[in-house]
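*Asks:* Shown below is the structure under consideration.
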Amino acid sequence: MVVLFYDFNYRQFLIQTWIPWNTNEISTYLLANLFVNTMIFTCQMAHVVFASVMLTFTFQISAWITILQRYLETRGPVDQKIYKYHETLIHIIIDYNKIFSGPLYVETLCSSLWPCGIAMTLIRMSQGSGCREDKGAGLSNRLLTTAVTGSIQAELQMERLHESSYMSKWYEETPKVRRDLLILMTRTTKSITVNYRLFVTFDRECLAKIRKPWNTDEIWAYLLANVYVTIMVLTYVLVLAMFTSVELAFTFQTSACLKVLQTYMETRGPADQIIYQYHDTLIQ
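With our numbering, the residue at position 156 of the sequence shown is 199, and numbering never jumps.
Below you can see the structure in the form of structure tokens.
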């Protein structure tokens, strides 16, 4: 509010957001601030609720796996309750994936738009609009961080369960018990990761590739992050342009070879051996 009465030409919000109306007047500027603050509060509340439910599921899965591990070590693979608990655990994991995979997929797509927002901010800064750095940059990928944390916790517990099932005296059991234990061991080898329809997997490797590698609170770190994002975007554009150029070159070359083959077939007939040589070259 001090900025409001000191220099009204400099309009600052908590996050750099596009406002669909003019903010030159005091009333419209206050309305824009109210809109931005409401949006931030709503997003933060949704994040807290989503993270709480996700951590609840994570702790529930971890508790089930711990119980299975203790039963397997104390009672042995003969107890049929172990396999019932394991079946219940599989259903919990399926529900976990159904609930959280879709929102996390949307959140990842929204986080991927962060470089575009930075580029727009730089454009507005170059035009002298007085925009500051993006205060909301540190809010990205929080849901993804929570998902990765829960996924790692469940995955570690599942590895311990697999170790306990392998260390049991399975060779002294009956064939039926061996079969059930083998099924349990096979299911525990599959890693527990949140995925979206088996195509998009949220794990540590993916997180390391999309997270920013440093803090952007300081001005020098912010400028360095902008340089990093700009280089990343330019590299992606150059690679895409090179790939498109090579693809178009191959397409035009293939089209030209087909036209030459068609012309030779119509003029010289199938007796010319050059046609078949060109055909072999085209296949290669």
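Yeah, the Cβ is synthetic: ideal placement off N, Cα and C, and Gly gets one too. Quick caveat, the model's predicted, so the values are computed rather than measured.
(1) Tell me whether Asp323 sits in a helix, a strand or coil according to DSSP, three-state version.
(2) Let's test the definition: count the other Cβ atoms within 10 Å of the Cβ of Trp107 and tell me whether it reaches 16, buried, or not, exposed.
(3) Taking Glu116 as part of the alpha helix (DSSP H), name the residues at either end of that continuous run.
(4) Quick test of your reading: Phe100 and Tyr139, contact by CB under 8 Å. State the CB separation rounded to the nearest angstrom.
(5) Between the C-alpha atoms of Ile69 and Met97, what's the straight-line distance to the nearest angstrom?
(6) Our contact map puts Ile83 next to Ala75 with C-beta atoms below 8 Å; I'd like the distance itself, whole angstroms only.
(7) Given this structure, state the Cα-to-Cα distance separating Leu301 from Ser288, to the nearest angstrom.
(8) What's the C-alpha gap between Leu115 and Ile142?
(9) Can you list, in chain order, the residues of its chain whose CB lies under 7 Å from that of Gln320, leaving out five sequence neighbours each side?
(10) Would Ile104 and Ile137 qualify as a contact pair, given that the criterion is a beta-carbon distance under 8 Å?
(11) Taking its Cβ as the centre, do 16 or more other Cβ atoms sit within 10 Å of Phe93, making it buried, or is it exposed?
*Replies:* Once the coordinates are examined:
(1) helix
(2) buried
(3) 69-117
(4) 5 Å
(5) 42 Å
(6) About 13 Å separates the two Cβ atoms, so there is no contact after all.
(7) 20 Å
(8) 29 Å
(9) none
(10) no
(11) buried
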